[in-house]
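Colleague: Chains C and X supply the protein sequences, listed in that same order. Each residue of the first sequence is one higher than the one before, starting from 45 at the first, in my numbering. Each residue of the second sequence is one higher than the one before, starting from 2 at the first, in my numbering. From the three backbone atoms N, C-alpha and C, an ideal C-beta is built for every residue, glycine too. Submitted below is the structure of interest, expressed as structure tokens.
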Amino acid sequence: PHFIIHLPKSQKNICFNINSEPGKILNLVSDPGTGVVVNGQLIGAKKTQNKKLNTYFGKIGFYFKNKGLKVEITTETITLKDGSSSITLTWSDTGHIIRKQLLISVKKESNVTISVGEEMSFMVLLHRVWKNHPVNVDFLGIYIPPENQLSPAAHGLIGQFASEPEVFIYQQRPGQAPEKPQATMEVKGNKLTVTGGLQKDYRTDRVHGTEVQCWFVHNSGKGFIDGHYKDYLVPHLYSFLKKP
Amino acid sequence: STSDWGYVGDLVEDDDKIGLYSYKVQSTITSRLANTMIQAKMVNNAKRPQHIVFDVQVPKGAFIDNFTMDINGITFTSSIREKAEARKMYSQAKAKGKAAGIVRSNALDMENFKTEVNVPPGMRIQFELHYQEMIRRKLSSYEHVISVKPGRLAKHMEVDVRIIEPQGIRYVHVPNSLGDHFDGITTISKGEKKAHVSFKPTMAQQRKCPTCSSTAVDGNFVVQYDVNRETTGGELEIFNGYFIHFFAPENLDPLPKNILFVIDVSGSMWGLKMKQTIEAMKAILSELRAADQFSLIDFNHNVRCWRDNLVSATPAQVEDAKKYIQAIHPNGGTNINEALLRATFILNEAQNLGMLDPNSVSMIVLVSDGDPTVGELKLTTIQKNVKQSMKDEFSLFCLGIGFDVDYDFLQRIATDNRGMAQRVFGNQETSAQMKNFYNQVSTPLLKKIQFNYPQESVSDVTQSSFHNYFGGSEIVVAGKVDTENLQHLESIVTATAANAELVMETLRDVEELDGFMKKDKYADPDFTKKLWAYLTVNQMMAERNTAPTAALKRNITKSILQMSLDHHIVTPFTAMLIENAEKDEIMLADQPKDPRRGCCPGTLGLTPNAPNNNKGIPAWANVTAVPVSFMPEQRSPPVSSLSINRVDND
């Protein structure tokens, strides 16, 4: 999956890719302060291309610990779990599930919005591909607004950016291709070489996406994210990230 | 017409020399609406005139909409009339000796439709009955039951069922209900949205044995299927100015239930009925879920409780309840009033003490085999008492065993209290029937279900709010829709599920079905209209049953009558007249009532006061209601379990 981190204060977008193995679960948000966890499980493409197997989010899990609610979103279904009981909608539905001030809104074959009162919301987008496509599979995208009221203890591949880090980008210079300039980025005490490029935001146009200008951090976001991406692998869909 | 038959010379005849040229059943199901035609072509090869019987069974709840008869080219056609008008015409014809009734009677879950015609030697006769019914989903499947009892070997025998379901067909299954004899004869072809089932035994295959001249075809031909269900919000089908909303969500956890079993243990339950009830109850108790609460009340002239309050369905409590039920010995009278009031008291008390989970479903299941004999005997008072003591959130389900119970009454108190009733037959299968009924209501998935449609675009919507939705069933709502000025129809369904509120939206293009329907030559283009009429008439009949004032009842009756005439269906307020082209020969078919209310219990053969309808009717069309059977013995149902509803003394 590719990540686009929008930094509102510095008005910059930073991107990175993480390619792990199918089945692995990446922690996206882990906030012990609010009791919120968001994890994404990877699925692989149908086969390798150029000796590389692309991975995508095939399942996303939300755990609202204080409410005792879990939400599991796959490319087939959307399930709310409350203790031993559960309710499942499919992507063919348009509807809402309301439980303990948690609102799950499903828009048929398009997106799911999870809102927790006024404090937090998450959007999961469904990307359907042609079912007979030789390589591609259906996958999910997740959008987490920076306005979400996460606590200062929030962490995770996305959660750590709730507290915006200072980012300096300078020495912009031509790259290998004219449309891919290079620059130096200083962040979290690291000096990184980043590449300018385009990524896509699919919220408004789910088919073609809207291009977003961003600075790409190589090596799975190394230096931009805290630690190594493997530090964000968790054992279960609803696991909090363990502090090192 | 009888003139277009093929070669009839090689028919197999019984001793009576009546040959069955063909026996055809054709059924087309378009989105749960089944149109069925039963046609028999017979010939009298005897040297004397004799009666030919057309005796078929129609599922209860089906609406007969047409019957025609052709006797050597003379055709009788049918029309639906207001009952009084039809009877007047019938009496006038009868006075001239030109009329006869068609006997319709209740038998188990089928209804008999029987007529006899005196046919001169060498003459041919063709009967054709059409009826329609809505196939209801039960225990996760639709079951279409066709009674196939030709009575004799048919030169051409065929049962043909076509299923057209725009939602897509998940599976089609045809159990071998006619017996092993017919293994491998049925062919099933299933496409995505259409299926075809054909049963076409040759004359040799119909024979009971290679040298037998009697037929082995005698029973129910059953087709089971289910449709695909992609959306939780249900399927909206819009066609020809009407919409049908099929709602059967899955993937929901059951709501916990508070259930009180109220079991009649009066003397009449002694023997097989009690044994089967105990067996069923033990199985039912085993299926209670840990989150359920329950208790048992058994009653005869006295009322006893296994526990005075609801208890959790723990394995220990369930075992104890099973031991209690096992030890019951039926005797004494029947005090239904007290038993039901005790049950409502227990539920009310549990609610007042805050012992009922707000998300749970509370219900009483009454099992009885007879009328009250002790305490309050007046059924209307019992009905009033129960209604007064039942809170709006409780429902009552009734199981009536056998024919000694006033099933109409059970149905009334059940529908009056947001439940339903079912008759089970006091035989070896009682236990299975009881369990089957329980299984239909054992898994409440949703409560307080409300269907909403844009008021400015729809009208005449059938019942749109429902107390409960049970897993494996289906809620159907229909209405008229202004397709001229509307591009899409939207519905919003709200409901309470286990631990959550659900709001489901469905949007459909009003022309979405047009292409599909127009392409299929078998699909009934009026299926939406007919389903709407069917639901509306049934709903009005239920409303009439519980109407508090005579004036309201009269108004509802008027509406039902108008609907019946508009949609050509026989209801309790209409009758079907069958006339020849000259309109001087008339037959009348009324709808039968519950056997308990029938006029002549236990009479199927000749009745001493049966009018002699034969007098004056020409020999070539001597139509009579007197059932002098020329059909094989097994065609007559047991006399003791039947009553007939003759028009002459209805």
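1. Grab the span of the alpha helix (DSSP H) containing X:LYS324 for me, first residue to last.
2. Which whole runs of the beta strand (DSSP E) in the stretch 550 to 591 of chain X are 3 residues long or more, in chain order?
3. My assumption, with CB atoms under 8 Å, is that X:THR463 sits in contact with X:THR558. Please give the rounded CB distance.
4. Return the Cβ separation of X:MET38 and X:HIS131 in integer angstroms, given the expectation that the two are a contact with Cβ distance under 8 Å.
5. Give a yes or no on whether 8 Å exceeds the smallest Cβ distance from C:LEU133 to chain X.
6. Below 8 Å between beta carbons: does that hold for X:VAL266 and X:VAL223?
7. Within 10 Å of its beta-carbon, does C:ARG217 have 16 or more other beta-carbons around it, so buried, or fewer, so exposed?
8. Is the CB of C:ILE117 under 8 Å away from at least one CB in chain X?
9. Does DSSP classify X:ILE170 as helix, strand or coil?
10. To which residues of the same chain is X:ILE245 closer than 6 Å at the C-beta, ignoring the five residues directly before and after it?
11. Is the shortest distance between the beta-carbon of X:ASN500 and the beta-carbons of chain C less than 8 Å?
12. Tell me which residues share the same chain as C:ARG250 and place their Cβ nearer than 7 Å to its Cβ, disregarding the 5 neighbours each side in the sequence.
13. In whole angstroms, what separates the C-alpha of C:HIS280 from that of C:VAL150?
14. Check C:ASP245 in the structure and name its three-state DSSP category.
15. Do the stretch 218 to 228 of chain C and the stretch 196 to 207 of chain C make contact, defined as three or more Cβ pairs closer than 8 Å?
16. Using DSSP with H/G/I as helix, E/B as strand and the rest coil, what is X:VAL381?
17. Going by other Cβ atoms of all chains shown within 10 Å of its Cβ, with 16 needed for buried, is C:HIS177 buried or exposed?
18. Any idea what DSSP makes of X:PRO619, helix, strand or coil?
19. Determine, using beta carbons only, whether C:SER165 comes closer than 8 Å to chain X.
20. In or out: X:SER148 buried (at least 16 other Cβ within 10 Å) or exposed?
21. For the pair the stretch 545 to 555 of chain X and the stretch 49 to 62 of chain X, tell me if three or more CB-CB distances fall below 8 Å.
22. Are any of the Cβ atoms in chain C nearer than 8 Å to that of X:THR547?
23. So is C:ARG172 in contact with chain X if we call contact Cβ pairs under 8 Å?
24. Could you give the DSSP three-state label for X:PHE426: helix, strand or coil?
25. In whole angstroms, give me the CA-to-CA distance for X:PRO619 and X:PHE77.
26. Below 8 Å between beta carbons is the criterion; list the residues of the stretch 245 to 273 of chain X that meet it against any residue of chain C, in chain order.
27. CB-CB under 6 Å to C:LYS68, same chain, minus the five flanking residues each way: which ones, in chain order?
28. Within 8 Å of any Cβ in chain C, is that where the Cβ of X:LEU490 sits?
29. Under 8 Å, Cβ to Cβ, is there at least one residue of chain C near X:GLU506?
30. Return helix, strand or coil for X:PHE528, following the three-state DSSP convention.
31. Answer yes or no: do X:LYS201 and X:ILE164 have a C-beta to C-beta separation smaller than 8 Å?
32. Using a Cβ-Cβ cutoff of less than 6 Å, which residues in the same chain neighbour X:MET124 once the five nearest sequence positions on both sides are dropped?
33. Taking X:ILE103 as the reference, give the member of X:LEU562, X:SER214, X:PHE114 with the closest Cα.
34. In the stretch 62 to 100 of chain C, which residue ranges form an unbroken beta strand (DSSP E) of at least 3 residues, counting only runs that do not cross its ends?
35. With a threshold of 8 Å between beta carbons, is C:ASP182 in contact with chain X?
36. Under a CB-based cut-off of 8 Å, is C:HIS262 close to chain X?
Modeller: By the coordinates alone:
1. 316 to 327
2. 575 to 581, 587 to 591
3. Their Cβ separation, rounded to whole angstroms, is 18 Å, which puts X:THR463 and X:THR558 out of contact at 8 Å.
4. 5 Å
5. yes
6. no
7. exposed
8. no
9. strand
10. GLU238, ALA479, THR529, LEU532
11. yes
12. SER154, LEU169
13. 24 Å
14. strand
15. no
16. Checking the sequence, you will find Thr at residue 381 of chain X rather than Val. Reduced to three states, the DSSP call for X:THR381 is helix.
17. exposed
18. Here X:PRO619 scores only 36 on pLDDT, less than 50, and its place in the model should not be relied on; the value that follows carries that caveat. X:PRO619 falls in the coil class under three-state DSSP.
19. no
20. buried
21. no
22. no
23. no
24. coil
25. Its pLDDT being 36, under 50, X:PRO619 is placed unreliably by the model, and nothing is read from it.
26. ASN252, LEU253, ASP254
27. LEU86, LEU277
28. no
29. yes
30. helix
31. no
32. ASN45, ASN73
33. X:PHE114
34. 69 to 75, 80 to 88
35. no
36. no
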